[in-house]
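One structure below.
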């Protein structure tokens, strides 16, 4: 696997999602990793405490990916004896050796779900578990070559750069778009790399199959030639045994043997021609498959270019529509604000009118009560005056006193005094 990676001359960033380490000799070959389904969520601005926690977590990850700590772990994982014999063991390792894959701490199933940090910190917990697995797993059982260490160093530097960019973006704008963009780009490079590996493996299998067919045909031809040679040797033996017979019989046998040899030779030549024709057909078929492969590749590239153009068109349309809708939303917000201000003014006016009406009603009620009170007092005063007038008339008080006659007799005075006494008693 490492030889195929080196022959492809691909950038080391393609390997950032997995570090491959040869773990021993064996005939087992791991399949290509399946593509991880990742949903892209629109980035949202996390709250300030979440930004601080994410930033602190990324800074801790950067510290753990620092050069002294990682270099110390690599030196401890590789004994000096194995490093000295590294070149010899590398030549002796089989091509299909077992490959141990250590997943990158940045590519997990919760990779696009960074907003879940607000809901309980699941992404942070998984991140720490994977990170602990990377730095605490005993790797003394693996054989890490110099090329592998270089690749690991390149991956570590790539991780550090991505995390530094993410921290800077979190500090500036409070988002993590650079992290998602880096992951998407590396995922595309990784899938392209695995497609190349799959095509190479398929071509290698076809070549091996053709070689096996050619070897089988050669073995059949050699077996047939060997059988014919054995048959010729048998005939020669019979010829030597029959030398005692007559010359005619000897000539006949010799002629018969030569004819059989010629027939066998012609048959072998015919078989060889048939095999050569099959080889030529296989070569033409291989060339045709290569040409078809190139045509398919060109077609796929054109389709990819068309899809990229369509994607760019839709992205531009999305931006324009978003801007237009944003302008409409701003206009609606401005209209809403003006209507709200007008509504507040009307409400204030209504409240003032209600206050005036209430005060007017209270004033009218007071006036009405005052008028009623005045009428009641007037009636009471009239009744009191009438009573007092009646009292004065009955008792002959003031100007209502009756004039006395001087010629009245004493009896009339006595009667008058008795009446006054009775009136006083009353």
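Numbering (full-length UniProt numbering), first residue to last: 1 to 426. Beta carbons: idealized from backbone N, C-alpha and C, even for Gly. Values in this document were obtained by computation on a predicted structure and should not be read as measured data.
In this structure, residue 163 sits near residue 58, with a CB-CB distance shorter than 7 Å. The distance from the Cβ of residue 193 to that of residue 65 is about 23 Å, inconsistent with a contact at the 8 Å cut-off. With respect to residue 51, residue 174 sits close: the two C-beta atoms are nearer than 7 Å.
Annotation: residue 145 is outside any alpha helix (DSSP H) and is labelled neither H nor E by DSSP. The beta carbon of residue 239 lies closer than 8 Å to those of 250, 253, 254 and 257 in the same chain, with the five residues before and after it left out.
With fewer than 16 other beta carbons inside 10 angstroms of its own, residue 295 counts as exposed. Secondary structure at residue 214: helix, using DSSP grouped into helix, strand and coil.
Distance from the Cα of residue 226 is smallest, within the candidate group 268, 368, 325 and 147, for 268.
Look at residue 174 here: in three-state DSSP terms it is coil, with no helix or strand label.
Taking the Cα of residue 53 as reference, the smallest distance to any Cα among 145, 167 and 148 is reached at 167. In the DSSP assignment, residue 386 falls within the alpha helix (DSSP H) that extends over 247-395.
Note on residue 152: 16 or more other CB atoms within 10 angstroms of its CB, so buried under the neighbour-count rule. When C-alpha distances from residue 161 are compared across 219, 63 and 220, the shortest belongs to 63. Collapsing the DSSP output to three states places residue 52 in a helix.
Between residue 264 and residue 228, the gap from beta carbon to beta carbon is short of 7 Å. Taking each of 277, 235, 247 and 280 in turn and checking the Cα distance to residue 260, the smallest one comes out for 235. Under the three-state reduction of DSSP output, residue 65 falls in the coil class, being neither helix nor strand. Rounded to whole angstroms, the Cβ separation of residue 170 and residue 291 is 52 Å, and the two are not in contact under 8 Å. In this structure, the beta-carbon distance from residue 217 to residue 276 does not fall below 7 Å.
Residue 47 carries a coil assignment under DSSP once its states are collapsed to helix, strand and coil.
Taking C-alpha positions only, residue 232 is separated from residue 280 by approximately 31 Å. Here residue 345 is exposed: its Cβ has fewer than 16 other Cβ atoms, across all protein chains shown, within 10 Å. With a cutoff of 7 Å on beta-carbon distance, residue 178 and residue 165 are scored as near each other. One alpha carbon belongs to residue 306, the other to residue 157, and they sit about 35 Å apart. Distance between residue 360 and residue 389, taken at the CA atoms: about 42 Å.
By the beta-carbon neighbour count (other beta carbons within 10 angstroms, threshold 16), residue 244 is exposed. Our two residues, residue 273 and residue 221, have alpha carbons roughly 12 Å apart in a direct line. When the five nearest sequence neighbours on each side are left out, the beta carbons in the same chain lying within less than 8 Å of the beta carbon of residue 278 are those of 217, in order along the chain.
Separation of residue 180 and residue 299 (C-alpha to C-alpha, rounded to the nearest whole angstrom) is 30 Å.
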